[in-house]
Amino acid sequence: MPDNDADRDAIIALIHRNRAAIWTHDFALWDTCFVHAPYTTRLGWWRPGGIFVRQGFDELAARARTAPLPVSLPNAYETTVENLTLRIAGDMAWAVFEQHYPERYDGYFGPGIVHEMRVFERHDGEWKIAVLCFLDGDAGKLSQVALRLDSAGAVLWKSPAAERLLADSDDLVIRAGRAHFRDRTADRALDAALAWAANLDTAYMSGHGAVPIVVEAGEGVASRIYWVVGDAGMILLLLADAAVDEDRLRVATQIYGLSPAQQRVAALVAEGLSLAQIAERMAITPNTARTHLDRIFEKTGVRNQTALVRVLLSAVSPV
Numbered sequence: 009m010p011d012n013d014a015d016r017d018a019i020i021a022l023i024h025r026n027r028a029a030i031w032t033h034d035f036a037l038w039d040t041c042f043v044h045a046p047y048t049t050r051l052g053w054w055r056p057g058g059i060f061v062r063q064g065f066d067e068l069a070a071r072a073r074t075a076p077l078p079v080s081l082p083n084a085y086e087t088t089v090e091n092l093t094l095r096i097a098g099d100m101a102w103a104v105f106e107q108h109y110p111e112r113y114d115g116y117f118g119p120g121i122v123h124e125m126r127v128f129e130r131h132d133g134e135w136k137i138a139v140l141c142f143l144d145g146d147a148g149k150l151s152q153v154a155l156r157l158d159s160a161g162a163v164l165w166k167s168p169a170a171e172r173l174l175a176d177s178d179d180l181v182i183r184a185g186r187a188h189f190r191d192r193t194a195d196r197a198l199d200a201a202l203a204w205a206a207n208l209d210t211a212y213m214s215g216h217g218a219v220p221i222v223v224e225a226g227e228g229v230a231s232r233i234y235w236v237v238g239d240a241g242m243i244l245l246l247l248a249d250a251a252v253d254e255d256r257l258r259v260a261t262q263i264y265g266l267s268p269a270q271q272r273v274a275a276l277v278a279e280g281l282s283l284a285q286i287a288e289r290m291a292i293t294p295n296t297a298r299t300h301l302d303r304i305f306e307k308t309g310v311r312n313q314t315a316l317v318r319v320l321l322s323a324v325s326p327v
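Numbering-wise (this note's numbering), the sequence shown opens with residue 9 and increments by one.
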């Protein structure tokens with residue numbers, strides 16, 4: 009048993025040493041963490057780049073040096089290993105665990121949880137990594153304006169941008185730790201969407217998808233579109249945000265074949281501007297603005313501005 013305790017301590021130290029080496033660009037230390045063999049494998053999934061498989065230590069080492077992660081001392085030394093399961097048998101061992109990172113990178117926000125697996129081999133009395141796998145628990149750019157909820161609507165996490173938007177929101181409120189829409193119809197839609205998203209993660213293989221929640225603003229103000237996303241076992245509520253809406257409008261206008269001028273009119277409609285205000289903003293006559301709007305109605309198949317915003321902002325799912 010004492011030997012097994014020593015092996016366990018050595019493997020846990022190896023996990024931390026490998027992470028510290030990559031985040032500080034200490035590649036000499038990083039090299040000592042791996043089996044130097046053609047079968048050494050690194051594979052995983054992260055939202056910015058999807059699925060990847062790398063085989064052979066030489067390829068792994070070359071990639072680590074050619075395009076290293078940005079230096080991050082918090083990620084190197086403050087990350088914690090949680091929910092560790094470690095099994096050791098002779099000169100082989102395997103582990104599954106979570107790494108909880110204090111920082112994100114490349115503009116990605118999120119809970120900072122990465123699900124990890126390692127296969128270890130003992131060579132000349134030293135434990136080395138033979139296989140490294142990870143599944144990024146982050147929701148990537150989806151999380152930039154999102155709340156993470158459970159199936160009952162309890163708020164588990166808020167992005168900084170979402171927290172700022174919530175402070176000025178006329179639609180959404182957090183009561184007793186749960187997200188609610190002030191509009192009853194939208195709130196019922198949220199309950200249904202949460203149940204739908206939770207059901208995506210009940211089978212042997214998880215599904216993913218998104219459903220829109222439309223909040224009718226009224227009084228000449230454009231509708232706002234929120235999304236409930238079920239992805240990687242998480243439930244996210246994406247908040248209506250001008251920057252995100254602009255991206256969706258850009259794609260939707262391509263789908264409907266809108267001209268640049270029509271795209272500009274549609275974007276201003278989504279901002280809640282009247283036809284007269286749109287004409288002034290674009291330095292065109294009200295008749296020209298009306299002509300652009302009529303052409304947009306023809307292409308999208310709607311007959312009013314509220315329906316237009318709903319169609320354009322919900323035409324593109326976030327996942």
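No residue lacks a Cβ here, since even glycine has one placed at the ideal position from N, Cα and C.
Check                                                                                                                                                                  : Outcome
Is it true that the CB of Leu320 sits closer than 8 Å to the CB of Ala260?                                                                                             : yes
Under a three-way DSSP split, which group does Leu143 fall into?                                                                                                       : strand
In the DSSP assignment, what are the bridge partners of Lys136?                                                                                                        : Glu129
Applying the 10 Å Cβ sphere with the 16-neighbour rule, what's the burial state of Leu81?                                                                              : exposed
Quick one, which of Ile121, Leu246, Glu279 and Ala240 has its alpha-carbon nearest Tyr234's?                                                                           : Leu246
Under 8 Å between C-beta atoms, does Ser267 make it to chain C?                                                                                                        : Protein chains in the displayed structure number just one, and chain C is not present.
If I measure Cβ to Cβ from Val79 and keep anything under 8 Å in the same chain, skipping five residues before and after, which residues do I get?                      : Trp31, Thr32 and His33
Is it buried or exposed, Glu288, if we count other Cβ atoms within 10 angstroms and call 16 or more buried?                                                            : exposed
Work out the CA separation of Ala97 and Ala175 for me, nearest whole Å.                                                                                                : 54 Å
Which runs of the beta strand (DSSP E) at least 3 residues long sit entirely within the region 11-73? Give them in chain order.                                        : 49-54 and 58-63
Between the alpha carbons of Gln63 and Ala18, how many angstroms are there, rounded?                                                                                   : 25 Å
What do you reckon, are the CB atoms on Ala154 and Leu257 nearer than 8 Å?                                                                                             : no
Please specify which runs of the alpha helix (DSSP H), each continuous and at least 4 residues long, are wholly inside the region 217-297, giving them in chain order. : 250-263, 268-278 and 283-290
Looking at the secondary structure, which residues open and close the alpha helix (DSSP H) in which Thr314 lies?                                                       : Gln313 to Leu321
Within a Cβ cutoff of 7 Å, which residues of the same chain sit near Val324, ignoring the five residues on either side of it in sequence?                              : Arg256, Val259 and Ala260
Cβ atoms of Pro294 and Leu283: under 8 Å apart, would you say?                                                                                                         : yes
Between which two residues does the beta strand (DSSP E) holding Arg190 run?                                                                                           : No beta strand (DSSP E) holds Arg190; DSSP gives it neither H nor E.
In chain order, what residues of the same chain have a beta carbon less than 8 Å from the beta carbon of Leu68, not counting five sequence neighbours either side?     : Phe42, Thr48, Arg50 and Arg62
Quick check on this structure: which residue in Ala160, Phe105 and Ala197 has the alpha carbon closest to the alpha carbon of Val122?                                  : Phe105
Val327 to Val310, Cα distance in whole Å?                                                                                                                              : 25 Å
Can you tell me the Cα-Cα spacing of Ile137 and Gly52, whole angstroms?                                                                                                : 15 Å
How big is the Cα-Cα spacing for Ala218 and Ala205?                                                                                                                    : 8 Å
Considering only C-alpha positions, which residue in the set Ala315, Ile59, Glu224 and Leu157 is nearest to Arg190?                                                    : Glu224
Among residues of its own chain, excluding the 5 on either side of Leu94, which ones have a beta-carbon nearer than 7 Å to its beta-carbon?                            : Arg16, Ile19, Ala101 and Ala103
Does the distance from the C-beta atom of Arg186 to that of Val222 stay below 8 Å?                                                                                     : no
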